[in-house]
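Only one structure is covered here, and it is reproduced in the block below.
In full-length UniProt numbering, the protein residues as written are 1 to 134.
Written out as structure tokens, the structure is:
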């Protein structure tokens, strides 16, 4: 069974996209802005419940890149320079920067945030799927 692709949640000033296949459940979004990211509500993302700049700031804390945004005013995420690499104990390698991931026979991934598998057990390599935590 294939996982559904990213789902978009539209607000008046910002749209938030969530890719459940990349989410590592670090819960930065839920802790950072529970009035927007509420896993008990449907839909669970309500972008209009906070200012677009605040929503964007919290989305940028998502270490895996499962959350992305598009602002109506055109403002974009500015990745850190130089790139930041963080090894999580018994977890993924988190990358934050201007990233391009190239794999043989695959399209390139251009993003600002990625979580790469460090244990070798992920079914989604090179991306982490939390196999090391189960």
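The beta-carbon is built from N, C-alpha and C at its ideal position, and this holds for glycine as well. Given the structure is predicted, the values throughout are model-derived calculations rather than measurements.
Would you decide whether residue 91 is buried or exposed? Buried here means 16 or more other CB atoms lie within 10 Å of its CB.
Buried, by the Cβ-count rule.
**Asked** From which residue to which residue does the beta strand (DSSP E) around residue 87 run?
**Response** 84-87
- Taking three-plus beta-carbon pairs below 8 Å as touching, is the segment 100-110 in contact with the segment 14-28? no
As an exercise, report each continuous alpha helix (DSSP H) stretch of at least 4 residues that is fully enclosed by the UniProt domain "Divergent 4Fe-4S mono-cluster" (9-71), in chain order. 28-32 and 52-59
- Within 9 Å, strictly: CB atoms of residue 20 and residue 58: no
* To do: Would you kindly work out how many angstroms separate the C-alpha atoms of residue 74 and residue 35, rounded to a whole number?
  => 24 Å
Answer yes if the segment 77-90 comes into contact with the segment 47-54, meaning at least three C-beta pairs across the two stretches below 8 Å, and no otherwise.
no
DSSP puts residue 111 in a beta bridge; with which residues? 99
Quick check on residue 90: does DSSP put it in helix, strand or coil?
DSSP places residue 90 in coil when its eight states are reduced to three.
_Below 8 Å on the Cβ atoms is my contact criterion, and I expect residue 64 with residue 23 to pass it. Report the Cβ-Cβ distance as a whole number of Å._
6 Å
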